[in-house]
Amino acid sequence: MKITRNEQLANDLVQEAMLIIWQKAPLYDLDKGSAQTWIFTLVRNRCFDILRKLKRQPEGISADDIYAETEHELSVDPEQEQSNLIQIDQIRQYFSQLPAAQQEVVEYVFMKDLTHQEAAQQLEIPLGTLKSRLRLALNKLRDFIGVEE
6 MKITRNEQLA
16 NDLVQEAMLI
26 IWQKAPLYDL
36 DKGSAQTWIF
46 TLVRNRCFDI
56 LRKLKRQPEG
66 ISADDIYAET
76 EHELSVDPEQ
86 EQSNLIQIDQ
96 IRQYFSQLPA
106 AQQEVVEYVF
116 MKDLTHQEAA
126 QQLEIPLGTL
136 KSRLRLALNK
146 LRDFIGVEE
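The numbers in the sequence shown follow our numbering, run straight up by one, and end at 154.
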């Protein structure tokens with residue numbers, strides 16, 4: 006656990022270590038050192054092998070991240086849905102009150118999910134101009150909504 010910093014991984018390692026010790030027992034040579042040292046070395050090396058392997062692999066996405074666990078999570082409360090629709094409509098109204106240049110910047114950064122640099126390049130404007138327009142737009146939207154920083 007000290008090396009892995011993950012209880013589940015440590016448990017898996019212990020399980021695997023027992024298997025490795027069993028499989029490699031005929032290779033143990035009493036003249037080269039104590040059994041305890043040999044076992045510790047096997048386990049430590051296997052641990053480092055697994056940690057290296059995990060570092061190379063991208064972090065996986067679990068099915069729970071993609072699929073809802075229960076039908077309850079899929080069901081939508083009609084009152085909540087109506088409230089969400091009203092809020093979305095209100096946000097659209099506020100958004101439409103922004104100057105066209107600010108609307109465009111908000112759209113590229115938040116709706117198209119571009120970085121500031123990418124949005125500036127596509128809009129063919131300097132990065133500083135994009136950031137200024139974005140800051141002004143967000144401040145105006147905060148004022149419309151009535152949110153204080």
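Even glycine gets a Cβ: it sits at the ideal position worked out from N, Cα and C.
Spatial neighbours of residue i in its chain, beta-carbon cut-off 8 Å, leaving aside the 5 residues before and after
| i | result |
| --- | --- |
| Arg-51 | Leu-18, Glu-21, Ala-22 and Ile-25 |
| Lys-37 | Trp-43 |
| Ala-124 | Val-110, Tyr-113, Val-114, Lys-117 and Leu-135 |
Per-residue burial, residue i [other beta carbons within 10 Å of its own, 16 or more giving buried]
| i | result |
| --- | --- |
| Tyr-113 | buried |
| Arg-57 | exposed |
| Leu-90 | exposed |
| Gln-157 | Limits of the chain in this structure are 6 at one end and 154 at the other, which puts residue 157 out of reach. |
| Ala-30 | exposed |
| Ala-105 | exposed |
| Ala-142 | buried |
| Arg-61 | exposed |
| Gln-59 | Reading off the sequence, residue 59 comes out as Leu, not Gln. Label assigned to Leu-59: exposed. |
| Leu-35 | exposed |
| Leu-103 | buried |
| Ala-40 | exposed |
| Arg-49 | exposed |
| Arg-140 | exposed |
Reduced DSSP secondary structure (H/G/I, E/B, other) of residue i
| i | result |
| --- | --- |
| Gln-99 | Inspection of the sequence shows that residue 99 is occupied by Tyr rather than by Gln. Reduced to three states, the DSSP call for Tyr-99 is helix. |
| Ile-130 | coil |
| Pro-31 | helix |
| Pro-83 | helix |
Nonlocal neighbours in the same chain, by C-beta distance under 6 Å from residue i, ignoring five residues either side
| i | result |
| --- | --- |
| Asp-118 | none |
Residue from the options whose Cα sits closest to the Cα of residue i
| i | options | result |
| --- | --- | --- |
| Asp-94 | Glu-109, Gln-28, Ala-142 and Ile-150 | Ile-150 |
| Ala-15 | Phe-53, Gln-41 and Tyr-33 | Phe-53 |
| Phe-100 | Val-48, Gln-28, Asp-148 and Leu-32 | Asp-148 |
8 Å contact criterion, which residue i and residue j should meet: CB distance rounded
| i | j | result |
| --- | --- | --- |
| Leu-135 | Leu-128 | 7 Å |
Own chain residues within Cβ distance below 7 Å of residue i, not counting five before or after
| i | result |
| --- | --- |
| Gln-87 | none |
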